[in-house]
Amino acid sequence: MVDNKKLKGIYLAGALLLIVLISGCTTENKIIGEIANNVENIEIKGSDTLLQLVSNMAEAYIQNKPDAKISVTGGGSGTGIAALINGEIDIADASRRIKEEEMEQAKERGINPWEFIIARDMLSVIVSKDNPASKLTIEQISKIYKGEITNWNEVGGKNQEITLYGRQSTSGTYSYFMKKVVGGDYSPYMMNLEGNQAIVDAIKQDKLGIGYAGLGYISDEKGNPVGGIKIVEIAKDENSQYISPLDESKHSLYPISRPLLQYLAKKPVKDSMVYNFLKFELNPEGQEIVKEAGFVPITSEDRNHNNMLWNKI
Numbered sequence: 137m138v139d140n141k142k143l144k145g146i147y148l149a150g151a152l153l154l155i156v157l158i159s160g161c162t163t164e165n166k167i168i169g170e171i172a173n174n175v176e177n178i179e180i181k182g183s184d185t186l187l188q189l190v191s192n193m194a195e196a197y198i199q200n201k202p203d204a205k206i207s208v209t210g211g212g213s214g215t216g217i218a219a220l221i222n223g224e225i226d227i228a229d230a231s232r233r234i235k236e237e238e239m240e241q242a243k244e245r246g247i248n249p250w251e252f253i254i255a256r257d258m259l260s261v262i263v264s265k266d267n268p269a270s271k272l273t274i275e276q277i278s279k280i281y282k283g284e285i286t287n288w289n290e291v292g293g294k295n296q297e298i299t300l301y302g303r304q305s306t307s308g309t310y311s312y313f314m315k316k317v318v319g320g321d322y323s324p325y326m327m328n329l330e331g332n333q334a335i336v337d338a339i340k341q342d343k344l345g346i347g348y349a350g351l352g353y354i355s356d357e358k359g360n361p362v363g364g365i366k367i368v369e370i371a372k373d374e375n376s377q378y379i380s381p382l383d384e385s386k387h388s389l390y391p392i393s394r395p396l397l398q399y400l401a402k403k404p405v406k407d408s409m410v411y412n413f414l415k416f417e418l419n420p421e422g423q424e425i426v427k428e429a430g431f432v433p434i435t436s437e438d439r440n441h442n443n444m445l446w447n448k449i
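Residue numbers (my numbering): 137 to 449.
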C-alpha cells in the first residue's frame, strides 16, 4: 500500500517523472530524467482520492512507452468533470458519479460522457487512537455530521464535544458522503479540508475529532491503521453487523462501499493512447496496483458495467 498520500501532479514522459507536491500555497517540483521528443499526451484531472492511485498506474504504464506522457493532477471530482466538459482534459477522475446538472452541461456541448469503474473504495470513518468510541451505525454518523449528536458520550465516548472534519465542497468524497451517509446538509461547524491526507493528519492531532477518508489513506503497507488513528467499525443499523473497512472478507457487506470512476468525453478510439491506458488500468496488472495502493479491485458487476461500454468500441 502507498503511504505518502500528499496531493501530487505527476508528469511522466518515458524516463521523465515530474512530481508537483502541493501543500498549502507551496509548490515543489522534482524532475528525474529527460523529456522525450514527439511524446503522446494524456491529461487526467479530478479526484484527490484517486490521485495517488492513478499516478501509480501512469508511472507503471509509461515504463515501456518511451513516447508517452501522462499528466495526473487533483483538485476534486467536480473540478475534473468540469475540465472534461470544457475540453481541457482527456480523462476525469471521480470518486462519485456525475451529477444530473453536469450531465446536462455536457450534453449542451455535444458531450456524452463514458463512465468506467477502475477500482472500489471502502470509505472509512476515523477517530483518534485515544478515543474509546470504536463502533457507529450509519444513523449515528449521520446525526454527528448534521450536528444533532455533539458529544462523544452519546456514542460510547467520553463527555467531550465532537470536532467535525470533512472535505471541501468540490470533492466527490464530500458529495458522496453527504448523499449516502449524512442524508442532508453538513453541520455548519464542520471544518472543510482539502484532501484525504489533510483529514488523517487532523485526526492524528485532535483527540476529539472525527473524519472520513478513502481506504488507501488510512492503512499502511501491511493493512494496519496508520499511526495515530482508529478506524471505526460501521453497521448499517443497530441490528446489523459492525464491519471494519479493512476486513477483506466482508467488503461486499461494508455499508460505505463506492466505485472509483474515470470519465471520458467520448468513445475512445481503439488502440489510441487513452484506450490503451484504460485497458491497462482494468487488466490484472492494473488491478494489482489498485491493491498495492490500498484500494479494492473491481467486482464482477463492475466488470460487466465496463464491458458493456468496452464492447461498443
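We put the beta carbon where it would ideally sit given N, CA and C, even for glycine.
Would residue i pass as a contact of residue j if the rule is Cβ separation under 9 Å?
i, j, result
"SER307", "GLY430", "no"
"LEU329", "ALA338", "yes"
"THR309", "ASP184", "yes"
"ILE180", "SER207", "yes"
"VAL336", "TYR281", "no"
"ILE254", "LEU186", "yes"
"ILE234", "MET409", "no"
"GLU384", "VAL432", "yes"
Assign residue i to one of two classes, buried (16 or more other C-beta atoms within 10 Å of its C-beta) or exposed (fewer than that).
i, result
"SER305", "exposed"
"MET444", "exposed"
"GLY320", "exposed"
"PRO381", "buried"
"GLY302", "buried"
"GLN199", "exposed"
"GLN188", "buried"
"GLN276", "buried"
"LYS201", "buried"
"SER278", "buried"
"SER260", "buried"
"LEU450", "Given a span of 137 to 449 for the chain in the structure shown, any question on residue 450 remains unanswerable."
"GLY223", "exposed"
"GLY211", "buried"
"ASN360", "exposed"
With residue i and residue j assumed to form a contact (beta carbons below 8 Å), what rounded beta-carbon distance in angstroms separates them?
i, j, result
"ASP257", "LEU396", "5 Å"
"ILE232", "TYR312", "A small correction: the amino acid at residue 232 is Arg; Ile does not occupy that position in the sequence shown. Confirmed, about 4 Å."
"GLN398", "PHE252", "5 Å"
"LYS406", "LYS448", "The Cβ separation is near 11 Å, so there is no contact."
"LEU400", "TRP250", "4 Å"
Using a Cβ-Cβ cutoff of less than 7 Å, which residues in the same chain neighbour residue i once the five nearest sequence positions on both sides are dropped?
i, result
"TYR325", "GLY283, LEU300"
"SER393", "ARG256, MET258, HIS387"
"MET314", "TYR322"
"THR286", "GLU297, ILE298"
"SER436", "none"
"GLU237", "none"
"VAL190", "ILE180, VAL208, ASP229"
"LYS294", "PRO268, TRP288"
"TRP446", "none"
"GLU374", "THR273"
"ASN174", "Low per-residue confidence applies at ASN174: pLDDT is 42, beneath 50, and the placement is therefore not dependable, though the value from the model is reported in the following sentence. So the qualifying residues of the chain are ASP203."
"GLU369", "SER270, LYS271, TYR378, ILE379, SER380"
Can you find the residues in the same chain that come closer than 8 Å, C-beta to C-beta, to residue i, ignoring five residues on each side of it along the sequence?
i, result
"GLY292", "PRO268, ALA269, SER270, LYS271"
"SER264", "ILE339, LYS340, ASP342, LYS343, LEU344, GLY345, GLY364, ILE365, LYS366"
"GLU421", "ALA196"
"LEU389", "GLN377, ILE379"
"TYR411", "PRO404, VAL405, ILE449"
So, for residue i: in the same chain, excluding its five sequence neighbours on each side, which residues have a beta-carbon less than 6 Å away from its beta-carbon?
i, result
"GLY182", "SER213, GLY216, ALA228, ASP229, ALA230"
"ALA219", "LYS181, ILE225"
"TYR77", "Beyond the ends of the chain as shown, which are 137 and 449, falls residue 77; an answer cannot be given."
"ASP266", "LYS343"
"GLY347", "ILE262, TYR301, ILE335, ILE339"
"GLN241", "ILE221"
"PRO391", "ILE274, ILE370, LYS372"
"GLU176", "ASP203, ALA204, MET409"
Please decide whether residue i counts as near chain D, where near means a Cβ-Cβ distance under 9 Å.
i, result
"GLU176", "Judged by its chain identifiers, the structure shown contains no chain D, having just a single protein chain."
Checklist entry - On the three-pair Cβ rule with 8 Å, is the segment 360-367 touching the segment 432-442? => result Judged by Cβ distances under 8 Å, the segment 360-367 makes no contact with the segment 432-442, as fewer than three pairs qualify.
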